[in-house]
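Residue numbers (the working numbering): 910 to 1142. No residue lacks a Cβ here, since even glycine has one placed at the ideal position from N, Cα and C.
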Amino acid sequence: MKIIIVKNKIEGGKKALEIYRATLKSNARVLGFATGSTPLTTYQELIKSDLDFSQIISFNLDEYVGLQADDPQSYHHYMEENLFKFKKFKTSFLLNGVAVDEKAEIRHYDQLLEKYPIDLQLLGIGRNGHIGFNEPGSSFNERTHKVGLTESTIKANSRFFADEVQVPRYAYSMGIKSILAAKQILLEAYGSSKASAVLRMVQGPMTTACPASILQTHPNVTLILDEAAASQL
Ligand code: GLP
């Protein structure tokens, strides 16, 4: 893993922009995006940049089950507000949180991921080491699937909701196998609440107890960390 340590998330966003610039230059056509508070400064840099995404296809890692695309807490809405309304993409694929036929939705997403392999996947990391809602205990072999969120993730994400009861208990995730299929992975982590997960991801044993530890096996991973997130390394 290549580790870049930055002063803060603003600087992290600027480093991430350099990576996006190089990736697009090398003819990348498919980008995988993440949500949460971590990638916000990266999206701000992409928006301010002169990068042209009009020929780029995008995927998102995950979506809450039960939330409509226009629900202010959905990841559809997040992407619209934080990137898509400022930058035009060719097509953007996100999982439909209110799909009536869940199995068909999952199958369809897997087919799309197979048809358009991801060149660069952006990731955050949960405090418990989850990536893209693949919680501790998730199989490393799973593609798109429905996941039950852990109490710790529900608590951590309740800050975006009026109260904890409103946080959905399930989500769809593209799965660790799909994440690992990306040619390049960029993971950002900021703040001391991520330090222990970062340590386990980088130096810990490879175990489903820390899903992010599987990234040790991927040949092209870059981590952008601030000093607090890197403090236990
Ligand atoms: C959610 C998202 C993850 C994200 C994680 C960390 O669970 N589904 O993709 O990495 O939160 O969020 P934050 O960046 O807000 O700390």
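Kindly examine the ligand GLP and report whether one of its heavy atoms sits closer than 6 Å to the Cβ of residue i.
i	result
Phe1069	no
Phe1042	yes
Thr947	yes
Asp971	yes
Ala1013	no
Ala943	yes
Gly1156	Examination of residue 1156 is not possible in this model, given that the chain is present from 910 through 1142 alone.
Gly975	no
Gly1038	no
Gly1035	yes
Let me check one thing: in DSSP terms, what residues is residue i bridge-paired to?
i	result
Asn1066	Partner(s): none; Asn1066 has no beta bridge.
Asn1043	Ile1040
Ser1140	Bridge partners of Ser1140: none, in fact.
Gln1030	Gly941 and Ile1094
Lys1024	DSSP output for Lys1024 lists no bridge partner at all.
Gly1057	Tyr1079
Excluding the 5 residues preceding and the 5 following residue i in the sequence, name in chain order all residues of the same chain whose CB lies nearer than 7 Å to its CB.
i	result
Lys918	Thr950, Tyr1099 and Asp1135
Glu1051	Gly1084, Ile1085 and Lys1086
Please go through the same chain and pick out, in chain order, the residues whose beta-carbon is closer than 6 Å to the beta-carbon of residue i, but skip the five residues on each side of it.
i	result
Phe1049	Ile1085 and Ile1123
Ser1101	Ala1137
Cys1119	Gly1038, Arg1109 and Gly1113
Ile914	Leu1134 and Ala1139
Phe1002	Phe968 and Leu1021
To which residues of the same chain is residue i closer than 8 Å at the C-beta, ignoring the five residues directly before and after it?
i	result
Gly975	Gly1006, Val1007, Pro1077 and Tyr1079
His1054	Ile1015, Tyr1081, Ser1082 and Gly1084
What runs of the beta strand (DSSP E), each 3 residues or longer, lie entirely inside the stretch 1077 to 1123? 1079 to 1082 and 1093 to 1098
What are the uninterrupted segments assigned as alpha helix (DSSP H) that are 4 or more residues long and contained completely in the stretch 936 to 977, given in chain order? 949 to 957
Which runs of the alpha helix (DSSP H) fall wholly inside the stretch 979 to 1018 and span at least 4 residues, in chain order? 984 to 988
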